[in-house]
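Enquirer: Quick one: the structure is below, questions incoming.
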Amino acid sequence: MSHGPLPAPLTTRSAGPLTGTIRVPGDKSISHRSLMFGALAVGRTTVSGLLESEDVLATADAMRAVGAKIERQEDGLYVVDGIGLGSLLEPDHVIDFGNAGTGVRLTMGIIGTHDIAATFVGDASLSGRPMGRVLDPLRDMGTSVVARNGDRLPASIRGAKQPLPLTYRVPMPSAQVKSAVLLAGLNAPGITTVIEPIATRDHTEKMLTGFGADISVTLNEAGERVIKLKGQPELKPQDVEVPGDPSSAAFPIVAALIVPGSDVTIENVLLNEHRTGLIKTLIEMGGDIQIVNKRNSGGEELGDIKVKSSQLKGITVPPKRAPSMIDEYPVLAVAAAFAQGDTHMPGLDELRVKESDRLAAVARGLEANGIPCVEGEDSLTVTGGANQIGGGTVVTHLDHRIAMAFMVLGMAAHNPVTADDGAVIATSFPTFTSLFSGLGADIQKSASEAA
1 MSHGPLPAPL TTRSAGPLTG TIRVPGDKSI SHRSLMFGAL AVGRTTVSGL LESEDVLATA
61 DAMRAVGAKI ERQEDGLYVV DGIGLGSLLE PDHVIDFGNA GTGVRLTMGI IGTHDIAATF
121 VGDASLSGRP MGRVLDPLRD MGTSVVARNG DRLPASIRGA KQPLPLTYRV PMPSAQVKSA
181 VLLAGLNAPG ITTVIEPIAT RDHTEKMLTG FGADISVTLN EAGERVIKLK GQPELKPQDV
241 EVPGDPSSAA FPIVAALIVP GSDVTIENVL LNEHRTGLIK TLIEMGGDIQ IVNKRNSGGE
301 ELGDIKVKSS QLKGITVPPK RAPSMIDEYP VLAVAAAFAQ GDTHMPGLDE LRVKESDRLA
361 AVARGLEANG IPCVEGEDSL TVTGGANQIG GGTVVTHLDH RIAMAFMVLG MAAHNPVTAD
421 DGAVIATSFP TFTSLFSGLG ADIQKSASEA A
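Taken in order, the sequence shown gives residues 1 to 451; the numbers are from UniProt numbering.
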């Protein structure tokens, strides 16, 4: 799964308005979880609309490694024959998660309370990301861990023979950490409790409920979310329809706003309230965004998003909104580059520990294209304007969202913008180039790569 050594640079240039109606790939968060919960259920789960990205396919391979049977049918439907909670098999090989941070952290939670051992590896980017925020609570539940210095991959764990339920307060907003602890609690007797001072995306809670887990969510006197999970349920297989990923939809949304004359509709997008921070922010900046055809599927709200090019203005983004749009800040910074005035984005410490140090990567990418910005310890301020020169080459650091964000910049800048490696886009959005080309964008491999 790990990326090869040869980068594949991509360049975008202004090519006129973007127009059309599209569907983005399935939501990555729900895709990961549908495979995992299907593997832990007894019986057959079907998944339609699965995101067939490198990250998600790595999770499919991991679930196969612990005994689940997962097959893709000719119509794109995935069939998961689960083996049941508590019945996982010990993998007979190292599990390579490539660049999949969600996949590896949640799988650590699952295996951490099963009496089996597993070793996890990843690509250079994932191997540099800290795993201690997941491994520490697992240790408290009885999991044995051997990891590289700083709790980084490669890491080997052995699940506890008699796992202990845990009450755990999440120290900083992270849906991955919350979810890993809850998934570990599935195979621990008694009640596992997670206290979340700041709410993050709640797909794990909603989907576990759908699969038959006994889980409750309440607010305590301090206004914190208290999630209680009763361990050792029998999960029931489901038919899962994966909606469009709002984090992927972010790129055509911003592109349509900043490329003059654009008019784009993105159909079937997930509208979970913990995932719509970017849309709220762009509307506050003056974006012409309408949500139509709202509907409910599997406990989640979906809708179609209509976007027209707009004159944006700079704002200060509330830091409390960060958990609902943490993956969208790179492309928000691109939108800010075309807004009048300053856009201030505080509360971004989580960006330091993503696939790259995204805060630094975004700032360097903006600077390479002549866009004024100030990088703080946990903030970014971008000074925008209607006419951005572009013309720079952006170092992606093996980070798919950095690559895609600056491809969007090139669609509206005066001069072409190059990402040093476009191959990493396949991590989450394998149809990115073809989808944007269909809207009228000009995305090309570099001359050396095309040769």
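Glycine is no exception: its CB is placed at the ideal position from the N, C-alpha and C atoms.
On a predicted model such as this, the values are computed, not experimentally measured, just so you know.
Can you confirm whether the segment 353-368 touches the segment 398-417 when touching is taken to mean that 3 or more C-beta pairs between the two stretches lie within less than 8 Å?
Expert: In short, these stretches touch, since the Cβ pair count reaches three.
Enquirer: State the start and end residues of the unbroken beta strand (DSSP E) segment that holds I291.
Expert: Looking at the DSSP string, the run of the beta strand (DSSP E) that includes I291 is 288-297.
Enquirer: Just checking my contact of V417 with T19 at CB under 8 Å: how many whole Å lie between their CB atoms?
Expert: Between T19 and V417 the Cβ distance is about 21 Å, and since that is not below 8 Å, they are no contact.
Enquirer: Starting from P137, trace the alpha helix (DSSP H) both ways and give me its first and last residue.
Expert: Residues 132-140.
Enquirer: Quick one: give me the first and last residue of the beta strand (DSSP E) that D442 is part of.
Expert: Taken as a continuous stretch (DSSP letters only), the beta strand (DSSP E) holding D442 covers 442-445.
Enquirer: Counting beta carbon pairs with one atom in the segment 407-414 and one in the segment 246-261, are three or more of them shorter than 8 Å?
Expert: Yes, since at least three Cβ pairs between the segment 246-261 and the segment 407-414 fall closer than 8 Å, the two stretches touch.
Enquirer: Could you tell me the boundaries of the alpha helix (DSSP H) in which I279 lies?
Expert: Where I279 is concerned, the enclosing alpha helix (DSSP H) stretches over 277-284.
Enquirer: Could you tell me which whole alpha helix (DSSP H) segments of length 4 or greater appear in the segment 69-144?
Expert: Here the runs fully enclosed are 101-111, 124-127, 132-140.
Enquirer: Near T209, what residues of its chain come up, given a Cβ to Cβ distance below 8 Å and the 5 sequence neighbours on each side ignored?
Expert: I215, G299, listed in sequence order.
Enquirer: Quick one: measure Cβ to Cβ for R44 and D81, integer angstroms, because I've assumed they're closer than 8 Å.
Expert: Right, their Cβ atoms sit about 5 Å apart.
Enquirer: To the nearest whole angstrom, what separates the beta carbons of V362 and P330, a pair I think is in contact under 8 Å?
Expert: About 5 Å separates the two Cβ atoms, so the contact holds.
Enquirer: Please say whether I305 and I22 have beta carbons closer to each other than 8 Å?
Expert: Contact flag unset, no.
Enquirer: Taking the runs of the alpha helix (DSSP H) that are 4 residues or longer, which of them lie wholly in the segment 313-359?
Expert: The qualifying runs are 329-337.
Enquirer: At which residues does the alpha helix (DSSP H) containing R44 begin and terminate?
Expert: Run containing R44: none in the alpha helix (DSSP H); it sits in the beta strand (DSSP E), 42-48.
Enquirer: Report the rounded CA-to-CA distance for L282 versus A175, giving the unit in angstroms.
Expert: Going by the C-alpha atoms only, they are around 23 Å apart.
Enquirer: Got a sec, what are the start and stop residues for the beta strand (DSSP E) P154 sits in?
Expert: Taken as a continuous stretch (DSSP letters only), the beta strand (DSSP E) holding P154 covers 152-158.
Enquirer: How big is the Cα-Cα spacing for P318 and H344?
Expert: Taking the straight line from one Cα to the other gives about 9 Å.
Enquirer: Sort Y78, L380, A419, L359 by Cα distance to G392 and report the nearest one.
Expert: Comparing Cα-Cα distances from G392 to each of Y78, L380, A419, L359, the minimum goes to A419.
Enquirer: Which residue spans inside the segment 350-432 form an unbroken beta strand (DSSP E) run of at least 3?
Expert: Complete beta strand (DSSP E) runs here, min 3: 373-375, 380-384, 417-419.
Enquirer: Once DSSP output is grouped into helix, strand and coil, what is the label at A450?
Expert: At A450 the pLDDT is 42, less than 50, meaning the model places this residue with poor confidence; the figure from the coordinates comes in the next sentence. In the structure shown, A450 sits in a helix (DSSP, three-state: H, G or I).
Enquirer: Could you give the distance in angstroms between the alpha-carbon of M404 and the alpha-carbon of G101?
Expert: Approximately 18 Å between the Cα atoms of the pair.
Enquirer: With a cut-off of 8 Å on the beta carbons, I'd call D421 and P9 a contact; round off their distance for me.
Expert: Contact flag correct, Cβ pair sits at about 7 Å.
Enquirer: Applying the criterion that 16 or more other CB atoms from any shown protein chain within 10 Å of the CB defines a buried residue, is R295 buried or exposed?
Expert: By the 10 Å Cβ count, R295 comes out exposed.
Enquirer: Would L270 and G287 be called neighbours here (beta carbons separated by less than 8 Å)?
Expert: Result no, Cβ atoms of L270 and G287 do not sit closer than 8 Å.
Enquirer: Excluding five sequence neighbours on each side, which residues of the same chain lie with their C-beta closer than 7 Å to the C-beta of G112?
Expert: Counting only Cβ-Cβ distances below 7 Å, and skipping sequence neighbours, we find L138, M141, T143, I157, G159, A184.
Enquirer: Which whole-angstrom value is the C-beta distance of G128 and R152, which I expect to be below 8 Å?
Expert: Right, their Cβ atoms sit about 7 Å apart.
Enquirer: Hey, would you say S34 sits closer than 8 Å to A426, going by beta carbons?
Expert: Contact: no.
Enquirer: Using the three-state DSSP reduction, which class does D55 fall into: helix, strand or coil?
Expert: Correct three-state label for D55: helix.
Enquirer: Would you list the one or two residues that DSSP bridges to D239?
Expert: Bridge partners of D239: T46.
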